[in-house]
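Residue numbers (the numbering used here): 2 to 129.
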C-alpha cells in the first residue's frame, strides 16, 4: 500500500492527511497528537474514524492543518481521516457514513452587515 493523501475542511480550517502503514503514530503540524490537541474531546474527534474502523494502531498518520480554530481543525482532520479510511477499505464507508463522518459540514460564519452591530444583531433603538 502506498501513502494515501486526503483533504478535509471545516469552517476555514483545511487539513491534509497522509496515511501510511505503520505503528499508529499521529503527527499534526510536526507535533504529537496529545501536544497539538490538548483536550480529550478533540483527541477523541480525531481518532474517531480510526477507532470505528478498527484501524487504531495500523497506520502512521501525518497531518498538515491550517486556518480556523482548534475545534474546526480537529473536525477537518476527522473528515480527512474518514476519507482515507474509505480508500483503505471500501467497507469502512458502511461504518462511517451513518455516523455522519463523511459529510463536509457546510456551515460558515455569516458576514457582518454594515449598519448593524454584528451579522444579525442590530444597534439598540432608543426613543427619547
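Note that CB positions come from ideal geometry on N, CA and C, so glycine has one too.
Secondary structure at residue i, three-state DSSP: helix, strand or coil?
i: residue 54; result: coil
i: residue 120; result: coil
i: residue 21; result: strand
i: residue 31; result: coil
i: residue 75; result: helix
i: residue 41; result: helix
i: residue 4; result: coil
i: residue 14; result: strand
i: residue 63; result: strand
Compare the Cα-Cα distances from residue i to each of the options and report the closest residue.
i: residue 78; options: 3, 2, 5, 11; result: 11
i: residue 86; options: 109, 62, 36, 127; result: 62
i: residue 99; options: 115, 2, 19, 53; result: 53
i: residue 18; options: 103, 120, 81; result: 81
i: residue 49; options: 90, 129, 97; result: 97
i: residue 73; options: 114, 30, 108; result: 108
When we look at the beta-carbon of residue i and count the other beta-carbons within 10 Å, is it buried (16 or more) or exposed?
i: residue 125; result: exposed
i: residue 93; result: buried
i: residue 16; result: buried
i: residue 46; result: buried
i: residue 1; result: As displayed, the chain neither begins before 2 nor continues past 129, which places residue 1 out of reach and without an answer.
i: residue 51; result: buried
With 8 Å set as the bound, which would you pick, yes or no: does the beta-carbon of residue i sit closer than that to a beta-carbon of chain D?
i: residue 40; result: Looking for chain D here will not work: only one protein chain is present.
Do residue i and residue j have their C-beta atoms within less than 8 Å of each other?
i: residue 5; j: residue 88; result: yes
i: residue 38; j: residue 14; result: no
i: residue 110; j: residue 60; result: no
i: residue 23; j: residue 57; result: no
i: residue 84; j: residue 103; result: yes
i: residue 64; j: residue 42; result: no
i: residue 119; j: residue 113; result: yes
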